[in-house]
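Heads up: the sequence shown runs through residues 1 to 290, numbered per UniProt numbering. Glycine included, C-beta positions come from ideal geometry on N, C-alpha and C. This report refers to the structure that appears directly beneath it.
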Amino acid sequence: MDSCYDTTRRGHGFRVTNGPIVSNVNCTMYFEAPDPNLYIAVRLNKVDLRRIGQSCPTFTVYMFTGWRTDVVPDEWIGSEVRVPADPLPLMSCNCTNYLQKCPDLHFDETKGPSQKIMLSYNPDDPKRTVQRQDAFDVTLSSFLRGSSFVCPAGYFSCWHYRYRCLPDSLVCDGFDSCYDNSDEFDYSCTGRIANMTLPVFIVMVLSCVIGFSILVFVAVLIFKRQMRNRRQERNEWGEVVKRSSHQAFAVPVSDPLEQQQQQQQQHQLFPGSLPMGFDSTAAEDPRYVM
């Protein structure tokens, strides 16, 4: 931060640290993404607001949607100063609570697209006794909200925070803009396949192969079960037909007297026929020929 009340900075990402700030000067900076569809995430890499002497600095991160349109005071005419119309604090801490409210690597993000960020640092050192060089170190990253593992062309899908789609300009730039370092891994800098990094592409391919294999396995099981049921139905039907045929041609068993009467009746009706139970080979035996 070289000067306070600097021109609003537009870009996809920034790394902001306090420079040699005059001890009794409040410093404010504004940031906005170049695309109104983008969000902005802010991470506190380091905040050191310890009390030194009478100095108790305050650091606040605001988000806002627009600028005030009222008249700028005469003493500000010609400067780049603009005042947010609706600032809402995302993070705020001072020398008494910065370890709890602004811990290292703490981050937050705007709640809607096109919202802007204001960083405010107040050294609170009226006697100008302290020169701070490392009060804060902040990373700002713009991103597009997308579904898991699916980002449009020109954007990188963060591995842990999968809804974040970083502009390609923030990938492999030496700064952890995903806040999980996935945009700075070696595989992220070796190229992509179908707009996906190599590990993500491999995971997608393996998922598709496993899913297809499961579908084929289930289909084969269903087919085998249907074939087994059909064979079982055919076997059962064959048994029914066999039993029906056997019952239709089977001669009912009766007592000997009733059977003899039936044979006599048959011989009377058909004199040339052989009685039931008479062996035809015996009739051809010369011993029985008259």
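Contact belief for residue i with residue j at Cβ below 8 Å, rounded distance in angstroms
i, j, result
"residue 60", "residue 29", "With 8 Å as the limit, residue 60 and residue 29 do not qualify as a contact, their Cβ atoms being about 12 Å apart."
"residue 63", "residue 110", "5 Å"
"residue 134", "residue 58", "Contact doesn't hold; Cβ gap of about 16 Å is too wide."
"residue 158", "residue 189", "Not confirmed; about 15 Å, so no contact."
"residue 156", "residue 183", "6 Å"
First and last residue of the uninterrupted alpha helix (DSSP H) at residue i
i, result
"residue 98", "98-101"
Sheet register partners of residue i (DSSP bridge)
i, result
"residue 106", "44"
"residue 13", "141"
"residue 39", "143"
"residue 136", "47"
"residue 67", "84"
"residue 55", "52"
Given residue i as reference, the closest of the options once Cα atoms are compared
i, options, result
"residue 56", "11, 96 and 64", "96"
"residue 291", "132, 65, 228 and 136", "This structure gives no information on residue 291, because the portion of the chain shown stretches from 1 to 290."
"residue 34", "13, 155 and 209", "13"
"residue 107", "131, 68, 137 and 183", "137"
"residue 151", "16, 174 and 164", "164"
"residue 100", "132, 48 and 155", "48"
"residue 160", "26, 53, 181 and 10", "181"
"residue 176", "233, 42, 31 and 32", "42"
"residue 10", "221, 223, 140 and 17", "140"
"residue 169", "162, 186 and 143", "143"
"residue 167", "26, 223, 37 and 69", "37"
"residue 104", "236, 44 and 83", "44"
"residue 87", "68, 162, 216 and 102", "68"
"residue 85", "204, 94 and 115", "115"
"residue 121", "147, 94 and 112", "94"
"residue 119", "146, 89 and 113", "89"
"residue 83", "52, 54, 132 and 31", "31"
"residue 154", "147, 171 and 162", "171"
"residue 50", "131, 209 and 15", "131"
"residue 98", "209, 228, 46 and 237", "46"
"residue 117", "219, 234, 224 and 16", "16"
Boundaries (first-last residue) of the beta strand (DSSP E) holding residue i
i, result
"residue 26", "First-last for residue 26: undefined, no H or E at that position."
"residue 122", "116-122"
"residue 167", "164-167"
"residue 89", "88-94"
"residue 60", "58-64"
"residue 182", "No beta strand (DSSP E) contains residue 182, which DSSP labels as neither H nor E."
"residue 156", "155-157"
CB contact below 9 Å: residue i versus chain B
i, result
"residue 236", "Going by chain labels, chain B is absent from the structure shown, which holds only one protein chain."
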